[in-house]
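*Asks:* In terms of the numbering used here, the sequence shown opens at residue 1 and continues consecutively.
Virtual Cβ for every residue (Gly too), placed ideally from N, Cα, C.
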Amino acid sequence: MSSINTNLSAMTALQSLKTTQNALSKTQGQISTGLRVGEASHNASYWSIATQMKSDNGALSAVKDSISQSKAMIDTFSSALDKTLVYLNKMKEGLVAASQPGADMAAIQTEFKANIEGLKSAASSASFNGQNWLAVDGAAPANVNLVTSYDGNAKKVNTLGIDVSKTQLFQTTAGAITGVGSGGILDKAGANASVVGIDISGLDMSVAADATTMAAYLVTVDTAIEAVTTGSATLGANKALLETQESFIGVLSDSLTAGVSAFVDADMNEASTRLQ
């Protein structure tokens, strides 16, 4: 049928031109953005899945940053504990030397005072981003939780608990070391004097009671060395765990990135061929 009012061939050609233009526009959009699904209208299902995966990946990126901070924090405290062991070993050597008849007690006690000040300085200066696990306020919680992962299904942050009581050298009040008889490894009151309370200046090794006191001091320092060593080992074990978790988070993040790409990225070879 032919009509003077309606040109069916022209209408068909126009529809074909519109289809071609739409396909061309779509292909040009894919090439310019690199995305096959750039918005929900392109594919609502793929777009929503990819958006959620991107969100989870962003959370994992924050987890990686937190783990890096945690490792640096643990390194700070570990260094201070290593220095603490140096001072304690010096005090142990001094006590052994002081046990010898004729030892200069006053001179050795002077060294002890310097070592004790060094212990306090190491603990109080071991601060990272407002955190200090060596000089801890008496009201502080026993556990500190470090971010280790994000669970997208449960929508929660997973943490690693660190028992700060194993690393606490001194108890503080308003940031200041309280003193003898507190709750830290070095200032804790007990059957023997605390490490910071050791005073041999008036002892005479020929007196049985003084010899007993000297022996008690040596037990105190040895016990402190064991406790500090345990605390340092605890930090080392937790750092190793964080390093393993950091590696896993990196692999998981890469997997999510690849998954998002599979859903929304355009095949540039195919798009270029279509454009040609």
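#1: Using the DSSP secondary-structure output, state which residues sit across from Phe128 in a beta bridge.
#2: Could you tell me which residues DSSP puts in a beta bridge with Ser149?
#3: Look at the alpha carbon of Ser66 and the alpha carbon of Asn43, and state the distance between them as a whole number of angstroms.
#4: Give me the Cα-Cα distance between Gly197 and Leu146, rounded to the nearest whole angstrom.
#5: Check the C-beta distance from Gln168 over to Val136 and give it rounded, since I have them as a contact under 8 angstroms.
#6: Ends of the alpha helix (DSSP H) at Glu213?
#7: Could you pull out every residue in the same chain whose Cβ sits closer than 8 angstroms to the Cβ of Ala224, ignoring the five residues on either side in sequence?
#8: What three-state label does DSSP hand Val196 in the structure shown?
#9: Between the alpha carbons of Phe170 and Ser48, how many angstroms are there, rounded?
#10: Between the region 74-84 and the region 93-102, can you find at least three pairs of beta-carbon atoms closer than 8 angstroms?
#11: On a Cα-Cα basis, can you pick out the residue from Ser255, Ser261 and Leu242 that is closest to Val63?
#12: Report the rounded CA-to-CA distance for Lys113 versus Leu203, giving the unit in angstroms.
#13: Could you round the C-beta distance between Ser232 and Ser127 to whole angstroms and report it? I think they count as a contact, below 8 angstroms.
#14: Output yes or no for whether 7 angstroms exceeds the beta carbon distance between Val264 and Val37.
#15: Per the DSSP calculation, Ala176 is bridged to which residue(s)?
#16: Which term fits Gln245, buried or exposed, when burial requires 16 or more other beta carbons within 10 angstroms of its beta carbon?
#17: Look at the alpha carbon of Ala258 and the alpha carbon of Lys54, and state the distance between them as a whole number of angstroms.
#18: What residue range does the alpha helix (DSSP H) around Leu81 cover?
*Replies:* Put simply:
#1: The sequence position of residue 128 within the sequence shown is 128, counting from 1. In the DSSP output, where bridge partners are listed per residue, Phe128 has Gln131.
#2: By one-based count along the sequence shown, residue 149 stands at place 149. Looking at the DSSP assignment, Ser149 forms a beta bridge with Asn158.
#3: For this step, residue 66 is matched to residue 66 along the sequence shown. For this step, residue 43 is matched to residue 43 along the sequence shown. For Ser66 and Asn43, the distance between alpha carbons rounds to 35 angstroms.
#4: Here residue 197 corresponds to residue number 197 of the sequence shown, with the count starting at 1. Here residue 146 corresponds to residue number 146 of the sequence shown, with the count starting at 1. Rounded to the nearest angstrom, the two C-alpha atoms are 34 angstroms apart.
#5: As a position in the sequence shown, residue 168 is number 168, starting the count at 1. As a position in the sequence shown, residue 136 is number 136, starting the count at 1. Sure, about 5 angstroms apart at Cβ, within 8 angstroms.
#6: Reading the sequence shown from its first residue, position 213 is the one you call residue 213. Rather than Glu, the amino acid found at residue 213 in this sequence is Thr. Run containing Thr213: Ala208 to Val264, per the alpha helix (DSSP H) assignment.
#7: Position 224 of the sequence shown, counted from the start, is the residue given in the question as residue 224. Excluding residues within five positions, the ones whose Cβ falls inside 8 angstroms are Leu88, Ile185, Leu186 and Val195.
#8: Here residue 196 corresponds to residue number 196 of the sequence shown, with the count starting at 1. The answer is helix: DSSP assigns Val196 an H, G or I state.
#9: For this step, residue 170 is matched to residue 170 along the sequence shown. For this step, residue 48 is matched to residue 48 along the sequence shown. Straight-line Cα distance between these residues: approximately 52 angstroms.
#10: no
#11: For the purposes of this step, residue 63 is taken as the residue at position 63 of the sequence shown. For Val63, the nearest C-alpha among the options comes from Leu242.
#12: Within the sequence shown, numbered from 1, the residue matching residue 113 stands at position 113. Within the sequence shown, numbered from 1, the residue matching residue 203 stands at position 203. If I take the Cα positions, the gap works out to 16 angstroms.
#13: Stepping through the sequence shown from its first residue, residue 232 is reached at position 232. Stepping through the sequence shown from its first residue, residue 127 is reached at position 127. 18 angstroms between Cβ atoms; not a contact.
#14: Numbered from 1 along the sequence shown, position 264 holds the residue referred to as residue 264. Numbered from 1 along the sequence shown, position 37 holds the residue referred to as residue 37. Taking 7 angstroms as the Cβ cut-off, Val264 and Val37 qualify as a contacting pair.
#15: Taking the first residue of the sequence shown as position 1, residue 176 is located at position 176. Partner(s): Thr173.
#16: Here the question's residue 245 lines up with position 245 in the sequence shown. Flag for Gln245 reads buried.
#17: By one-based count along the sequence shown, residue 258 stands at place 258. By one-based count along the sequence shown, residue 54 stands at place 54. Cα to Cα, the separation comes out at about 11 angstroms.
#18: Translated into the one-based positions of the sequence shown, residue 81 becomes position 81. Ala44 to Ala98 is the extent of the alpha helix (DSSP H) around Leu81.
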